[in-house]
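Enquirer:
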Amino acid sequence: MCIILDANMLSKFKKRADEDTKPVWNWLHNRNGRIAYATTEKFEEEWTRGGGDVILKELQRIKKLKAVSAQDVLEKQNELKGQIRSDDPHIIALAIAANVKVLASQDRALIGDFTNRDLVERGRVYQRAEHAHLLHGVRCP
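Under our numbering, think of the first position of the sequence shown as 255, with each following residue one higher.
1) Using beta-carbon positions only, say whether lysine 318 and leucine 282 come within less than 8 Å of one another.
2) If you pair each beta-carbon of the segment 296-308 with each one of the segment 262-273, do three or more pairs fall below 8 Å?
3) Quick check: what's the CA-CA separation for aspartate 274 versus lysine 335?
4) Taking the alpha carbon of alanine 363 as the reference point, which residue from Ala349, Asp342, Ala383, Val356 has its own alpha carbon closest?
5) Can you tell me where the alpha helix (DSSP H) with arginine 378 in it begins and where it stops?
6) Taking valine 374 and isoleucine 338 to be in contact with their CB atoms under 8 Å, please state how far apart those CB atoms are, rounded to whole angstroms.
7) With distances taken from CA atoms, which of Ala383, Val379, Glu384 is nearest cysteine 256?
8) Looking at the strands, I want to know which residues DSSP matches up with isoleucine 289.
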């Protein structure tokens, strides 16, 4: 299992010393953690707009990025039409396609979708350092 990093967390994640994202960086380096990502147009657009290109390259370089089939994500996204309240069906689709249970995000609508048991089974959301316990036991092949 991996985690998904929402684009709205990129500004904090870029600052490795940020107290809220430091546990995620530690998990990435010390627990074989990875960030799940798909090369769909929506992911690439959001990450580029959020300044995540540098992070994306860094995660690829240190082998901490889990690439998930864009085709699988797009198929799941199409299946979810009409069920998602947020404007992030690509993230819910990625979670389902890659069996991801933890999302790092501060987007209220997306959090509602991610924790909806009808969409993501046992979905949990990391928002700040106090949520570091959500990373325990999270593995990513």
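Beta carbons are placed, not taken as given, at the ideal position from N, Cα and C, and that holds for glycine.
Expert: Result, derived from the coordinates:
1) Going by C-beta atoms, lysine 318 is nearer than 8 Å to leucine 282.
2) yes
3) 33 Å
4) Asp342
5) For arginine 378, there is no enclosing alpha helix (DSSP H); the enclosing beta strand (DSSP E) covers residues 378-380.
6) Not really, about 11 Å apart at Cβ, beyond 8 Å.
7) The option with the nearest alpha carbon to cysteine 256 is Val379.
8) Ile257, Leu319.
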